[in-house]
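Numbered per my numbering, the sequence shown spans residues 4 to 395.
Read through the structure below, which is laid out as structure tokens, and then see the notes.
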Amino acid sequence: MRLTKVKQALFGTAAFLAAAAGFLAPSFPAVAAENDMKAMFNLHYNGQGWSDFGKDNTYVQAAAGTYVTGLKATLEGQPSGMSGTIAYQVNLSGSGWLGWEENYAQTGTTTTAMPLEAVKFKLTGQLGENYDIYYSVLQSGTWTDLVMNGQTAGIEDHGLRVDGLRLAVTKKGAGAPEDPPMPAVRTVDPTKPMVALTFDDGPSASTARIINSLEANGGRATFFMVGNRIEKYPSAVKRMVETGSEPASHTWAHTTLTKMSYGDMSASLDQVDNAVMSIAGVKTKLVRPPGGTLNDGAKANLAKKGVPSILWSIDTLDWKTKNPQSTIDAVLNNVKDGDIILMHDLYSQTADAAEVIIPELTKRGYQLVTVSELASYRGGMQAGQSYSNFRP
Ligand code: ZN
């Protein structure tokens with residue numbers, strides 16, 4: 004490790020001196036690259052804006068009803084002292100191939116509805132001598148074969164649009180990366196009933212069981228997590244996101260919002276966001292006030308911060324009874340289309356109840372959606388506003 008760092012440092016100096024002396028930087032054969040360099044990217048979806056960061060070698064695709072109009076890509080873990088960057092070119096419907104862009108500059112369009120039809124990626128400079136870049140696009144419901152290093156992914160001039168991207172960097176000559184797991188296909192029928200299960204105060208050792216039950220039943224939920232618990236259960240947080248559930252914020256330390264200044268509240272939410280981002284690569288968009296306590300001041304602070312707060316329409320009192328049957332009854336005897344249901348994934352008894360509630364609601368025809376999904380079909384949300392249900 005230390006040796007490599009020294010080598011890289013020396014190499015950087017050599018390249019610098021060569022450049023300073025007016026020579027082309029010599030083409031060094033592979034500096035042993037210990038860093039695991041990875042690609043990261045954002046897609047611009049028509050009508051929706053930029054996606055969260057797509058991670059190296061994952062399938063990232065537009066939701067139903069939209070498609071990709073632009074992209075920007077960058078690298079993380081680029082070995083120090085190695086020249087070059089990531090470059091990319093897109094074929095924009097109606098315009099053809101645009102010029103090459105690189106290093107997180109955006110390409111395509113963010114102002115018109117024209118879709119991308121095809122893409123090319125390459126690594127430049129010494130990065131290109133040490134790494135390969137592989138990619139594939141989703142087109143007409145199918146991921147195209149992986150291509151690499153400047154080849155074209157996607158079919159041009161046939162009116163086919165790009166709906167998703169997979170992008171991966173590998174060591175030179177290491178071969179194509181393994182296929183990542185396919186994202187679950189999400190189909191929500193807006194004309195049918197839906198409810199949002201929400202779990203507060205976790206994550207905990209019981210969170211994984213709830214996620215398993217959701218996954219087995221094609222459902223999703225929203226987890227309002229206490230930030231300082233997140234690092235203890237990284238795999239639960241990762242799986243939550245991978246299976247389509249929504250990570251959300253319950254402040255860093257379960258602090259009542261009405262007792263926090265704007266600065267303290269903002270810092271607390273940022274801290275949660277950073278923890279979720281470092282584990283799962285996404286940001287939270289919703290806050291549940293600890294204790295459900297809100298006042299005008301807290302709402303004004305949340306408005307300034309740009310987030311809505313989410314209350315509930317069914318309180319199971321699971322934390323109080325710790326009785327699975329009582330939690331099950333509270334949900335199944337009262338549930339209506341558009342409800343937001345409050346539970347706590349801190350307790351094994353709640354996981355016991357969830358393992359009954361999730362399949363039963365599904366059997367009754369309820370679509371188990373995240374709060375953001377529910378809101379998107381029922382009028383949306385505004386920062387600073389508080390919501391306790393999204394009835395039709
Ligand atoms: Zn709480």
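Note that beta-carbon positions come from the ideal geometry of N, C-alpha and C, so glycine has one too.
In this text the structure is predicted, and so the values were computed from the model without any measurement.
Between the C-alpha atoms of residue i and residue j, what's the straight-line distance to the nearest angstrom?
{"i": "Ser263", "j": "Ala251", "result": "Position check: residue 263 holds Met in this sequence, whereas Ser was assumed. Approximately 19 Å, taken between the alpha carbons."}
{"i": "Ala65", "j": "Gly50", "result": "11 Å"}
{"i": "Glu249", "j": "Met85", "result": "38 Å"}
{"i": "Asp332", "j": "Asn326", "result": "10 Å"}
{"i": "Thr110", "j": "Glu104", "result": "7 Å"}
{"i": "Asn219", "j": "Ser375", "result": "The question names Asn, yet the displayed sequence has Ala at residue 219. Whole-angstrom Cα-Cα distance: 21 Å."}
{"i": "Asp192", "j": "Lys174", "result": "43 Å"}
{"i": "Ala354", "j": "Leu217", "result": "11 Å"}
{"i": "Thr72", "j": "Asn94", "result": "10 Å"}
{"i": "Ala42", "j": "Gln92", "result": "15 Å"}
{"i": "Leu283", "j": "Phe56", "result": "The residue asked about is misnamed: residue 283 is Ala in this sequence, not Leu. Rounded to the nearest angstrom, the two C-alpha atoms are 10 Å apart."}
{"i": "Val279", "j": "Gly87", "result": "30 Å"}
{"i": "Ser379", "j": "Ala177", "result": "43 Å"}
{"i": "Val63", "j": "Gly382", "result": "26 Å"}
{"i": "Thr190", "j": "Met151", "result": "32 Å"}
{"i": "Tyr306", "j": "Gln388", "result": "Before going on, a small fix: residue 306 reads as Ala here, not Tyr. Between Ala306 and Gln388, the C-alpha separation is close to 7 Å."}
{"i": "Ala356", "j": "Tyr350", "result": "10 Å"}
{"i": "Asp267", "j": "Gly205", "result": "21 Å"}
{"i": "Gly52", "j": "Ala386", "result": "18 Å"}
{"i": "Leu289", "j": "Ser312", "result": "6 Å"}
{"i": "Thr77", "j": "Thr113", "result": "18 Å"}
{"i": "Ser54", "j": "Tyr48", "result": "7 Å"}
{"i": "Asn392", "j": "Val338", "result": "11 Å"}
{"i": "Met346", "j": "Tyr137", "result": "43 Å"}
{"i": "Val198", "j": "Phe226", "result": "14 Å"}
{"i": "Ala179", "j": "Met228", "result": "37 Å"}
{"i": "Phe44", "j": "Gly80", "result": "14 Å"}
{"i": "Leu260", "j": "Asn231", "result": "16 Å"}
{"i": "Pro82", "j": "Asn106", "result": "15 Å"}
{"i": "Arg5", "j": "Asp39", "result": "Note that Arg5 scores 37 on pLDDT, short of 50, meaning its location in the model is unreliable and no value can be drawn from it."}
{"i": "Gly300", "j": "Ser281", "result": "31 Å"}
{"i": "Gly153", "j": "Gly144", "result": "23 Å"}
{"i": "Thr373", "j": "Thr115", "result": "30 Å"}
{"i": "Ala24", "j": "Leu101", "result": "Residue confidence is low: Ala24 scores 36 on pLDDT, short of 50, so the model does not pin down where it sits. Its coordinate-derived value is still stated next. Distance between the alpha carbons of Ala24 and Leu101: 35 Å."}
{"i": "Pro184", "j": "Arg169", "result": "12 Å"}
{"i": "Ala36", "j": "Val240", "result": "Confidence at Ala36 is low in this model, with a pLDDT of 43, below 50, so the placement of that residue should be treated as unreliable; the coordinate-derived value is given next. Spanning the two alpha carbons is a distance of roughly 30 Å."}
{"i": "Glu159", "j": "Gln142", "result": "11 Å"}
{"i": "Thr155", "j": "Tyr134", "result": "18 Å"}
{"i": "Lys302", "j": "Ile213", "result": "31 Å"}
{"i": "Asn215", "j": "Arg223", "result": "10 Å"}
{"i": "Pro196", "j": "Ser316", "result": "15 Å"}
So what does residue i bridge to, in DSSP terms?
{"i": "Tyr138", "result": "Val150, Leu170"}
{"i": "Gln352", "result": "DSSP lists no partner for Gln352."}
{"i": "Leu345", "result": "Thr201, Asp318"}
{"i": "Val2", "result": "Because residue 2 is not part of the residues shown, which for the chain are 4 to 395, the question remains open."}
{"i": "Lys41", "result": "Glu79"}
{"i": "Asn392", "result": "Asp342"}
{"i": "Leu74", "result": "Leu46, Thr110"}
{"i": "Lys58", "result": "Met43"}
{"i": "Ile360", "result": "For Ile360, which the question treats as bridged, DSSP gives no partner whatsoever."}
{"i": "Trp53", "result": "His47"}
{"i": "Ile282", "result": "In the DSSP output, where bridge partners are listed per residue, Ile282 has none listed."}
{"i": "Leu297", "result": "Leu297 is not bridged to any residue."}
{"i": "Gly99", "result": "Leu95"}
{"i": "Ile233", "result": "Looking at the DSSP assignment, Ile233 forms no beta bridge with any residue, so it has no partner."}
{"i": "Ser312", "result": "Val290, Ser389"}
{"i": "Leu371", "result": "Val198"}
{"i": "Gln129", "result": "BP columns for Gln129 are empty, so no partner."}
{"i": "Gln64", "result": "Gly167"}
{"i": "Ala156", "result": "Val122"}
{"i": "Glu104", "result": "Tyr91"}
{"i": "Thr145", "result": "Gln142"}
Assuming residue i is part of the beta strand (DSSP E), what are its boundary residues?
{"i": "Asn336", "result": "From DSSP, Asn336 is part of no beta strand (DSSP E); its letter is neither H nor E."}
{"i": "Glu376", "result": "Taken as a continuous stretch (DSSP letters only), Glu376 belongs to no beta strand (DSSP E), being part of the alpha helix (DSSP H) at 374–380."}
{"i": "Ala219", "result": "Note, Ala219: premise wrong, no beta strand (DSSP E); alpha helix (DSSP H) at 210–219."}
{"i": "Ala251", "result": "249–252"}
With respect to the alpha helix (DSSP H) encompassing residue i, which residues constitute its N-terminal and C-terminal limits?
{"i": "Met228", "result": "Looking at the DSSP string, Met228 is not in any alpha helix (DSSP H); the run it does join, the beta strand (DSSP E), is 225–228."}
{"i": "Leu2", "result": "One cannot answer for residue 2 here, as it falls past the ends of the chain, which runs 4 to 395."}
{"i": "Glu181", "result": "No alpha helix (DSSP H) holds Glu181; DSSP gives it neither H nor E."}
key: Inter-stretch contact at 8 Å, needing at least 3 Cβ pairs: the segment 162–174 / the segment 118–126   = yes
query = Any residues whose CB sits closer than 6 Å to a heavy atom of ligand 1? List them in chain order?
reply = Asp203, Asp204, His253, His257, Pro293
task = Pair every Cβ in the segment 239–247 with every Cβ in the segment 295–311, then say whether three or more of these pairs are closer than 8 Å.
result = no
ask   = Below 8 Å, can you find three or more Cβ-Cβ pairs linking the segment 328–348 to the segment 357–372?
value = yes
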